[in-house]
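In my numbering, the protein residues as written are 15 to 641. See below for the structure under consideration.
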């Protein structure tokens, strides 16, 4: 296999055009095989095979800095940079290869990513550093059309264009179709315009015309206007040129030779350049081509059929959220659903099928979504903004400044809260309780099961105030759902058992773990209390007063970092009340947790039942020794 002979990018330069095509086919087979076993972002990588080959054939990484936006299309890059061995087979597994660029993994991974719209900003920084050091390397940002909706991209484009930095932006457009005739003409024009000979001829013509007395400058202006008219007619790049970038494209993103030629030609341009390539998401694998959204991020699947190896046996939290929201929206025509390029993942796509006029997908623009939702709420609508927990971080300023300050009744439905597994530290939703509970006017809550999620969503709509409702990825404990909902007053916990020796105060997903741990501890002879706290803000202070009065040891449990989370809130309250009581806070350590199966991750940080019981038992023994 040709792929086995590629140990570093320079090996590509030894291959003929036909061999590069063969290599592309081998790479696709490798991608399909590994992701069928491990899951991953298959469709984006299948679409970026030829683009990645052309980039590494034209540029000299790692001296030339290639920055991958989001990074879910970086598998091909990893295969070409010394990781096509057994290591690639560990993709997205515990202690294995990351599914995203990771600086600690390889010098070719220039910039660590996971969230969208950062590449152009990073490339700007790399280009500035290079110029300050008076070096000569190239800097290339590779960004998809989806990530282009993020506002940070335009901030960076505007600044890089203003500075006229020597850097390249490759726009990988997999949403735009490319007609054979239009695409061929565009390819030809781009190759012509990027050719150094053409550039010199154009400059010579401009100089010649401007030397003609009286009419020369007018003729040059006329030529420029004609050029601009043709550009507006034939090329989609006028916007980028207004920002100061030289635009080339669109180019067929599956033509290695065409892309390589343009990349080579643009090396001599000491200014910002944007090259627009058109690719097909999922290319080379039938099921992914037919359903690219399904294979954007997929679990293990059968290669022959494209069907998941593991079939759902019960509804997920996302399913329950979507169905409940639809039920509520049938009863309340003010309810609308908003998401930021997470329609399928959050359930908003399902809502859209029933209420297309009340569903809004703003693209990768969480800050915009938050402010837009705020205005909708201020005008009497009831917006429910559904995001992944880790992406809510990108709307933090708007949540404080626009929503909470004005007490706008927006419901923030935060899916994927807690540890999410194989996507790793950029996607774990383990900070939300900490950064949300500090915001005034914001109610923060988490359900113990599917039924409580229903009741919390219903209650959140009824509160008439900003609410953050966070829940985990995947299926819950299996609680039966209903179309009849119960109202939960803000800050009202659920006391499940009382105990003299210790009381477990658990929030959200940790209630189930706490129940199992309590049963184990009771078998050891301890009197164990158990509380489903439900709320991180406001706290149920009446419940807390009773617990601190009745029990010897207070234990908090949360699937959130310990710094600033639920346990911190309880301990702060106790300190303010001058209550001295032994406490144990159990949660996620203040560290970035790697990728891997969620159960393995919980075991590694003692957040599973065995780990929780071990921590509590050790503390109880310490309390007895102190007593």
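Cβ coordinates follow ideal geometry from the N, Cα and C atoms, glycine included.
Counting along the chain, the unbroken beta strand (DSSP E) around residue 543 starts and ends at 542-546. Residue 350 and residue 397 have their C-alpha atoms spaced approximately 5 Å apart. Contact holds between the region 335-342 and the region 363-379, because three or more Cβ pairs, one in each stretch, are under 8 Å apart. Residue 118 counts as exposed, since fewer than 16 other beta carbons sit within 10 angstroms of its beta carbon.
Collapsing the DSSP output to three states places residue 482 in a strand.
Here the region 30-50 makes no contact with the region 107-126; the two share fewer than three CB pairs at distances below 8 Å. Secondary structure of residue 550 (DSSP, three-state): strand.
Along the region 135-192, the beta strand (DSSP E) occurs as fully enclosed runs of 3 or more residues at 153-158 and 182-187, listed in sequence order. In this chain, the beta strand (DSSP E) harbouring residue 290 covers 287-292. With contacts defined by Cβ atoms closer than 8 Å, residue 154 and residue 136 do not form a contacting pair. Assignment of residue 406 by DSSP, reduced to helix, strand and coil, places it in the helix class. In the three-state reduction of the DSSP assignment, residue 524 falls in the helix class. Within the model, the alpha-carbon separation for residue 287 versus residue 183 is close to 6 Å. Here the C-alpha atom of residue 305 lies approximately 8 Å from the C-alpha atom of residue 296.
Under the three-state reduction of DSSP output, residue 512 falls in the coil class, being neither helix nor strand.
Taking 8 Å as the cut-off, the Cβ atoms of residue 134 and residue 80 do not count as close.
The three-state reading of DSSP puts residue 386 in helix, counting H, G and I together. DSSP, read as helix, strand or coil, puts residue 312 in strand. The beta carbon of residue 270 lies closer than 6 Å to those of 34, 64, 67 and 68 in the same chain, with the five residues before and after it left out. In this structure, the straight-line span from the alpha carbon of residue 275 to that of residue 70 is close to 12 Å. In the three-state DSSP reduction, residue 262 falls in the strand class (E or B).
Beta-carbon to beta-carbon, residue 400 and residue 427 are separated by about 4 Å, close enough to satisfy the 8 Å threshold. One thing to note: residue 433 has its Cβ within 8 Å of the Cβ of residue 612.
Assignment of residue 620 by DSSP, reduced to helix, strand and coil, places it in the coil class. The straight-line gap separating the alpha-carbon atoms of residue 630 and residue 517 is approximately 11 Å.
Note that the C-beta distance between residue 55 and residue 441 is not below 8 Å. Taking C-beta atoms as the reference points, residue 422 and residue 450 fail to come closer than 8 Å.
Around the beta carbon of residue 582, a 10 Å sphere encloses 16 or more other beta carbons of the protein chains shown; the residue is thus reported as buried. Each of 272, 267 and 280 was checked against the Cα of residue 260, and the nearest Cα belongs to 280.
Under a 10 Å Cβ-count criterion, residue 527 is classified as buried, with 16 or more other Cβ atoms of the shown protein chains found around its own Cβ.
The beta carbon of residue 17 sits closer than 8 Å to those of 37, 40, 41, 44, 93 and 98, all from its chain and outside the five residues before and after it, given in chain order. For residue 457, the enclosing beta strand (DSSP E) starts and ends at 457-459. Residue 346 counts as exposed, since fewer than 16 other C-beta atoms from the protein chains shown sit within 10 angstroms of its C-beta.
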